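In what follows, a single structure is set out as structure tokens and then discussed.
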Amino acid sequence: MPLVSLRQVLDEASKGGYGVGAFNVNNMEQIQSIMEAARETKSPVIVQASRGARAYSQDRFLYHFMLAATEIYPEIPTVLHLDHGNSVATCKSAIDMGFTSVMMDGSLLEDGKTPSSFEYNVQVTREVVELAHAKGVTVEGEIGCLGGIEDGHGAGGDGLSHLTDPQQAVEFVKQTGLDALAIAIGTSHGAYKFSSKPTGETLKMARLIEIHKRLPNVHLVMHGSSSVPKDLQDIINQYGGRLRPTWGVPVEEIQLGIKNGVRKINVDTDNRLAITGAIRKVFVEKPEEFDPRSYMKPAREAMKKVVALRMTQFGQAGHAGDYSPIPLAVMAHHYADHAVTV
Ligand code: 13P
Numbered sequence: 624m625p626l627v628s629l630r631q632v633l634d635e636a637s638k639g640g641y642g643v644g645a646f647n648v649n650n651m652e653q654i655q656s657i658m659e660a661a662r663e664t665k666s667p668v669i670v671q672a673s674r675g676a677r678a679y680s681q682d683r684f685l686y687h688f689m690l691a692a693t694e695i696y697p698e699i700p701t702v703l704h705l706d707h708g709n710s711v712a713t714c715k716s717a718i719d720m721g722f723t724s725v726m727m728d729g730s731l732l733e734d735g736k737t738p739s740s741f742e743y744n745v746q747v748t749r750e751v752v753e754l755a756h757a758k759g760v761t762v763e764g765e766i767g768c769l770g771g772i773e774d775g776h777g778a779g780g781d782g783l784s785h786l787t788d789p790q791q792a793v794e795f796v797k798q799t800g801l802d803a804l805a806i807a808i809g810t811s812h813g814a815y816k817f818s819s820k821p822t823g824e825t826l827k828m829a830r831l832i833e834i835h836k837r838l839p840n841v842h843l844v845m846h847g848s849s850s851v852p853k854d855l856q857d858i859i860n861q862y863g864g865r866l867r868p869t870w871g872v873p874v875e876e877i878q879l880g881i882k883n884g885v886r887k888i889n890v891d892t893d894n895r896l897a898i899t900g901a902i903r904k905v906f907v908e909k910p911e912e913f914d915p916r917s918y919m920k921p922a923r924e925a926m927k928k929v930v931a932l933r934m935t936q937f938g939q940a941g942h943a944g945d946y947s948p949i950p951l952a953v954m955a956h957h958y959a960d961h962a963v964t965v
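When you read off a place in the sequence shown, starting at 1, and then add 623, the result is the number in our numbering.
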């Protein structure tokens, strides 16, 4: 099937009461890992690329690898999503290239670092909603700022200084007409999220539940959702890496989120850890090897295992067959019929 919109996948996930992992990619092997995991677990899937990933892959490589994915895995409903678009122009270029979903992260200014005003955020997100919806493309927005930095994008810090205000979230949704809302509840991008195992309180799960109560029909997005498993850290350190002890977001907290309106769960770091650990292992155990396939194959397999596990834990496994793809043109008509007027 052709690439589908994020909106279709999240609507379906909402009906089924499950979450869908959104996994970041930069190269062919990561796309292959995700698609193999989706096939094995029969899952719909969201593949996402940041601005950094688009630059790394010269954009066109990424897009054509994704077209190959739809050809090779025709039974898997697959979304191609732009992660953390920093401006209207970035989102527009993704839409023009064939992304079926874009994130306009107006919680930060165009530099991707400085927290913006509510008014700025509404204005740029609204602008992207107008141009995306005209083409049937989905829009994710963000209110509140996450911690950490990813591919040069992010407010830094521990993610606690700009938590999402539930009332502002309601206003934001009303004024922008977006499809999915990323909220800041104390998570951050990267491996170093917490210095001890976080509880539901560290993670401000009560705030997430409050936002869901006020916006029961809005698809919520959890960024910075890697669990940073100890076993993946250990493999890296065992084979010469130097990771400091660290904790990520426990899967049980994500599952609680899924019960409370979270439909898209962003995961990048766990896959990076899995790939790096597998490559380090080959380098140490077989120093005579120099064929890239000797380490890229185990790396691909290690990432696939993590992705398949998350697909099962998030509940998307077994649901690939529930979809008949809605063409973007039909989505565009639907948006036109239900246009938000502010
Ligand atoms: P992690 O760094 O926790 O994997 O988060 C990734 C993310 O949120 C991408 O937008």
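Idealized CB from N, CA, C, for every residue including glycine. A quick note: this is a predicted structure, and the numbers were derived from the prediction, not measured.
Per DSSP, the beta bridge partners of Q671 are N647, H704.
Residue state for V793 is assigned as helix, using DSSP reduced to three classes. Within a 10 Å sphere around the beta-carbon of N840 sit fewer than 16 other beta-carbons, which makes this residue exposed.
Going by DSSP, K853 is part of no beta strand (DSSP E) but of the alpha helix (DSSP H) stretching over 853-861.
By the 16-neighbour rule on beta-carbons within 10 angstroms, D802 is buried. L769 sits away from G823, with the two beta carbons spaced by 8 Å or more. When DSSP states are grouped into helix, strand and coil, E698 belongs to the coil group. Here I699 is buried. Its C-beta has 16 or more other C-beta atoms within 10 Å. I806 counts as buried, since at least 16 other C-beta atoms from the protein chains shown sit within 10 angstroms of its C-beta.
Only residues of its own chain outside the window of five on either side were considered, and among them K816, S849, S850, V851 have a CB closer than 6 Å to the CB of G871, listed in chain order. Here R923 is buried, its C-beta having at least 16 other C-beta atoms within 10 Å. Annotation: the segment 875-915 contains the following complete segments of the beta strand (DSSP E) (minimum length 3 residues), in chain order: 885-890. With a threshold of 16 other beta carbon atoms within 10 Å, A814 meets it and is buried. Under the three-state reduction of DSSP, A805 is assigned to strand. The C-beta of V907 has fewer than 16 other C-beta atoms within 10 Å across all chains shown, which makes the residue exposed. Restricting attention to M919, L629, R674, the CA atom closest to the CA of G775 is found in R674.
Non-local beta-carbon contacts of I718 in its own chain, meaning distances under 8 Å to residues more than five positions away in sequence, involve V725, L754, A755, K758, V760 in chain order. DSSP places V953 in no beta strand (DSSP E) but in the uninterrupted alpha helix (DSSP H) bounded by 951-960. Cα atoms of E750 and D781: separation of roughly 30 Å, rounded to the nearest angstrom. Under the three-pair Cβ rule at 8 Å, the segment 659-675 counts as touching the segment 702-711. Look at M624 here: in three-state DSSP terms it is coil, with no helix or strand label. In the DSSP annotation of this structure, E733 is not part of any beta strand (DSSP E), being labelled neither H nor E.
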